[in-house]
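Only one structure is covered here, and it is reproduced in the block below.
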Amino acid sequence: MQKLAPIALWWFRWAAMFTFLTGLILLGWIMSQQRFSLGISLGALMGTLMMLNVWLIIWPNQRIVIGLDEGDKAAAAPKAGLASRTNTLLSLPMLYFMVASIHGTQASGGVWGGEMSTAALVIGLAIVVLIEANAIWGKMMDAIQSVRAVITSSLILTVIMAGVVHYA
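Count along the sequence shown starting at 1, add 284, and that's the number in the numbering used here.
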């Protein structure tokens, strides 16, 4: 485990970075096609936070858990677990907005500068910021405690965020 975990976590970190960088490239392409929307902006924000969770929360705490760094293992494991569950929670809404943005503005909140709702942007940002604040300073809640719960919560969050973007 001592040798395997750092290798596995290396791939985990760099997969997150590769996904983030390819997302930036695709975001640039979407902007060049004038298809930038509220949905893609929220999806990009979620993807960015997910990458930052991997690099700034999960990885430093996993280094403590596997013994590469000194620290409180009992405190580090739950922090890494919470950030990981938060990433799972954000993954379906992020995927929805990334896919929906290229397939039609109706599903992802209209064109930037056109039909975009300021209220939807503020509500969407508030939801994402509150979820991320819990990942940084909060604790594991029942809604993300188990794998089944976090996937269910992610589906519900996707429906809520799509509703906010479409109707607010």
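Ideal placement from N, C-alpha and C gives every residue a C-beta, glycine not left out. Quick caveat, the model's predicted, so the values are computed rather than measured.
Item                                                                                                  : Value
As assigned by DSSP and simplified to three states, the class of M315                                 : helix
Where P301 falls, given that 16 or more other Cβ within 10 Å makes a residue buried                   : Note on identity: in this sequence residue 301 is Met, with Pro being the wrong assignment. M301 should be labelled exposed.
Anticipated Cβ contact below 8 Å, R347 with D353, distance rounded                                    : 4 Å
Burial state of S316 (16 or more Cβ within 10 Å)                                                      : exposed
Given 8 Å, three or more beta-carbon pairs between the region 361-376 and the region 317-327          : no
S321 (DSSP reduced to helix, strand or coil)                                                          : strand
Complete beta strand (DSSP E) runs within the region 325-382 (minimum length 3 residues, chain order) : none
Residue range of the unbroken alpha helix (DSSP H) whose run includes I428                            : I428 -> no alpha helix (DSSP H), and no H or E assigned at all.
Buried versus exposed, by CB contacts within 10 Å (16 or more), A384                                  : buried
Coarse secondary structure for S401, derived from DSSP in three states                                : coil
Cβ pair F236, G307 closer than 9 Å                                                                    : A query on residue 236 cannot be resolved here, the shown segment of the chain reaching from 285 to 452 and no further.
C-alpha distance - I440 paired with A292, whole-angstrom precision                                    : 31 Å
Integer Cβ distance of L333 from L374, believed to fall under 8 Å                                     : 7 Å
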